[in-house]
Each structure stands twice: as C-alpha cells, then as structure tokens.
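256 is the number of the first residue of the sequence shown in this note's numbering; add one for each residue after it. A quick write-up on the structure given underneath.
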Amino acid sequence: MDQLSFIPEELVQTIQQNTANRDNRCSSSTLEMLRLLASLDVPKELLACMLEMAEFSIHHVRYLAGPLILHRSLWGDVIPTWLKAACVQDRFDLILEEYEQDQVGDYATPTEVLAYMMPASFEAPMHRDYSDLYIWAGNEVMRKHNKLPEGADNFYELIGGRAIEFKTVKTEFHDLSRSIRQSVVKHAAQQGWGKRRNRKTEAIAVDPVQTTDQPEQVSLF
C-alpha cells in the first residue's frame, strides 16, 4: 500500500481539525480545496478516503468510490475519456452540494446518465422517451464541459432538432439516475467502502481496489 504524498498537508490537518469535534462540519474553504483536488484528476478512491476522514455519510463515500455504471453492451469502448473523467468530477460536485445542504440525494448526475446510455444508443433505436432523455443529457453535459463546437450555443442546433425541456424527461431521468446511483453504491459496498477507520492511526493511502463496470439492466428499447 503506497502512501500518496501529493495531498497538501494543510488540507489533511484541516480535515482532522474539523472532525476532532463531531459538532463541526467542513468549512467552505476546506470544501473548495477538495473541489480543487478533484479538478486535478486525483483518483476518486483517494478522494473517497478523504471524505471518510471528514465524516461524510457512508452513502456519499460509497457513491464517490463506486464504479462508473454502463449499459451492458459490446459498445462500452465508445465512451470518450473526457466523459468518464467528467462523471467523477460531476459526481464529486453533487456530493459536496448535498453535504453543504445537509442532504443525501437519490439521483445520479446527467453526466452519468449520458455515459450509461451511450453504448445502448449504438445497439438499437431507443424508445422515444429515452431518446429524448439521451439528447437532453447530451446537451446538458456538452454545454457544461465545453464540448460544443466553437460558435454553437447548444446541441439541438447541431442536430437540427427541437429543444427538450427537463420537465418532459423528468420521469425517465429520475428512474434511470436513481437506478444508476443505487448500483454505484451497491458495488462500492461490496468492495468494502464505507467502513469507518481509526482517524488517529490511518495514513492517507489507497488500497488497490478492483472495480468493474457491471450495470443493472434497464430496458431502453
């Protein structure tokens, strides 16, 4: 087990100070430092360890540490690297947002929904409702992560289609994103994430974790 020494010592000390008193929560500055680490492509397993040190909920630790959930398909390799990284970044942002609101949510991010559906889109035509969800998620993600071609304001104008409002895909989004998040958390629990560690003796380190992208089947066709 190799200690990962690139984590700023002041961040580790701050987290330890925050958790020394169980009535204290992470300060906004500590959360911003965690966001900065996530933007630097720090492994999500290490970030999950830090959330565990900071006394985040077991659900949040597992949701961050769990694998990317993909539709079971031979087309899994079509997912671009940037989208996989965006899934981790957006998942982490959602966790911090829920933490600040003292909530534990039910739904995964639009980015995870897009990644899940992408392999399925290569297999067969999807039901109209899920097709609309896929296009809506694509627009949301490409705009957020600056993946639209220069000069384009949205994805709809690129495909010559109508704009899709969230209210028209809300039911499908909630059903699919809830299933994705539950699957992420379940896999992480099976891998042993969420077990409280001794804060006084724990080193900031990551055990090798074998992850698999085994999805829970959801019919899209």
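No residue lacks a Cβ here, since even glycine has one placed at the ideal position from N, Cα and C. All values derive from a computational prediction rather than experimental measurement.
Quick one: residues in its chain with C-beta nearer than 7 Å to the C-beta of A444, no 5 flanking neighbours on either side, listed in chain order? Counting only Cβ-Cβ distances below 7 Å, and skipping sequence neighbours, we find R317.
How about the segment 339-352 and the segment 412-431: do they share at least three Cβ pairs that are nearer than 8 Å? no
C-alpha distance - R398 paired with E427, whole-angstrom precision: 21 Å
Buried/exposed call for I414, threshold 16 Cβ in 10 Å: By the 10 Å Cβ count, I414 comes out exposed.
Cα-Cα separation between I324 and Y411, rounded to whole angstroms: Within the model, the alpha-carbon separation for I324 versus Y411 is close to 26 Å.
From the DSSP output, in three-state form, read off L325 for me. coil
With H, G and I counted as helix, E and B as strand and the rest as coil, what does DSSP make of Y371? helix
Whole angstroms are fine: how far does the CA of C342 sit from the CA of P335? Distance between the alpha carbons of P335 and C342: 11 Å.
Could you tell me the boundaries of the alpha helix (DSSP H) in which G230 lies? Nothing about residue 230 can be reported from this structure: the residues present for the chain run from 256 to 476 only.
In whole angstroms, what separates the C-alpha of P380 from that of A363? 24 Å
For G393, verify whether its CB is less than 6 Å away from any heavy atom of the ligand COA. Of ligands this structure carries none, so the ligand COA is not represented either.
For S434, count the other beta carbons within 10 Å of its own beta carbon; 16 or more makes it buried, fewer makes it exposed. Which is it? buried
Contacts around D345, its chain only, beta-carbon distance under 7 Å, and the 5 residues preceding and following it disregarded: T364, T366
Give the single residue among H382, H400, D430 whose Cα lies nearest to the Cα of S254. Any answer about residue 254 is impossible in this case: the structure gives the chain only from 256 up to 476.
In whole angstroms, what is the alpha-carbon distance linking S328 and S282? Their backbone Cα atoms lie some 42 Å apart in a straight line.
Need the endpoints of the alpha helix (DSSP H) that I435 sits in, please. 421-445
Taking the CB atoms as reference points, tell me whether V396 and L431 lie closer together than 7 Å. no
Should P404 and H326 be called a contact, given that it needs their Cβ atoms to be closer than 7 Å? no
Roughly how many angstroms separate the alpha carbons of P298 and V359, rounded to a whole number? 22 Å
So is W391 buried or exposed if we call it buried at 16+ other beta carbons inside 10 Å? With a threshold of 16 other beta carbon atoms within 10 Å, W391 meets it and is buried.
Express the C-alpha separation of L301 and K339 in angstroms, rounding to a whole number. Approximately 17 Å, taken between the alpha carbons.
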